[in-house]
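Asks: Residue numbers -16 to 105, in my numbering, belong to the letters of the sequence shown in order. Note that beta-carbon positions come from the ideal geometry of N, C-alpha and C, so glycine has one too.
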Amino acid sequence: QQLQPQQLQPQQLQPQQLQPQQPQLQQPVARPGLRASNPFAAAARPLPPQIPQQPSTPPVTSAIVLWDFSAFQQPEVDIVSGEVVIILEKTGSKWGYSADWWHVKASKGEGLVPSNHLQIQQ
């Protein structure tokens, strides 16, 4: 059926019909094994549950003192053979000592001792 020119009439539009229409976004199609290339695709999926994080604390390392050591100056500390000490840091560089000096907590206080006087406990 062909339309005749006289049958075509301009359509009268109302002002509300002249409003621009928002484009309709299509949801991405998820395919197993493929990552979505659409940056908005992740918003359509629920987020995994959050696992509360525990503050990480370094494991406590202890050592047995093999030989007595008498502190000569600060920040060194006296240790006695057979004593168990807690190793706080395996370096003395903060105090201007070499890495062979370790920061420990002993019965007489905290300070640096030569690491070769200690045997780490497992």
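#1: Straight-line CA distance for Leu95 to Trp50?
#2: Comparing alpha-carbon positions, which option in Gly79, Val48, Gln105, Gln36 lies nearest Val87?
#3: With a cut-off of 8 angstroms on the beta carbons, I'd call Ser90 and Glu66 a contact; round off their distance for me.
#4: May I ask you to list the residues that DSSP assigns as paired with Thr44?
#5: Can you tell me whether Lys77 is helix, strand or coil according to DSSP?
#6: Looking at the secondary structure, which residues open and close the beta strand (DSSP E) in which Trp50 lies?
#7: Residues in its own chain within less than 8 angstroms of His43 by CB, not counting five upstream and five downstream?
#8: What are the start and end residues of the beta strand (DSSP E) that includes Pro97?
#9: Can you find the residues in the same chain that come closer than 6 angstroms, C-beta to C-beta, to Lys77, ignoring five residues on each side of it along the sequence?
#10: Return the chain-ordered list of same chain residues with a C-beta closer than 7 angstroms to the C-beta of Pro106, the five sequence neighbours on each side being excluded.
Replies: Working from what's here:
#1: Residue mapping note: residue 95 aligns to position 112 of the sequence shown, counting from 1. Residue mapping note: residue 50 aligns to position 67 of the sequence shown, counting from 1. So the two alpha carbons sit approximately 14 angstroms from each other.
#2: As a working mapping, residue 87 is identified with position 104 in the sequence shown. The option with the nearest alpha carbon to Val87 is Val48.
#3: Stepping through the sequence shown from its first residue, residue 90 is reached at position 107. Stepping through the sequence shown from its first residue, residue 66 is reached at position 83. The pair is a contact, with the Cβ atoms about 6 angstroms apart (cut-off 8 angstroms).
#4: On the sequence shown, residue 44 is found 61 positions in, with the first residue counted as 1. In the DSSP output, where bridge partners are listed per residue, Thr44 has Ile70.
#5: For this step, residue 77 is matched to residue 94 along the sequence shown. Note: Lys77 maps to helix in three-state DSSP.
#6: The count along the sequence shown starts at 1 and reaches residue 50 at position 67. Element bounds for Trp50: n/a, residue is neither H nor E.
#7: If you number the sequence shown from 1, residue 43 lands on position 60. According to the sequence displayed, residue 43 carries Val and not His. Ile69.
#8: Here residue 97 is taken as the residue at index 114 of the sequence shown, counted from 1. 92 to 97 is the extent of the beta strand (DSSP E) around Pro97.
#9: Counting from 1 along the sequence shown, the entry for residue 77 is found at position 94. Same-chain partners within the cutoff: there are none.
#10: Since the first residue shown for the chain is -16 and the last is 105, residue 106 is missing from the structure and cannot be characterised.
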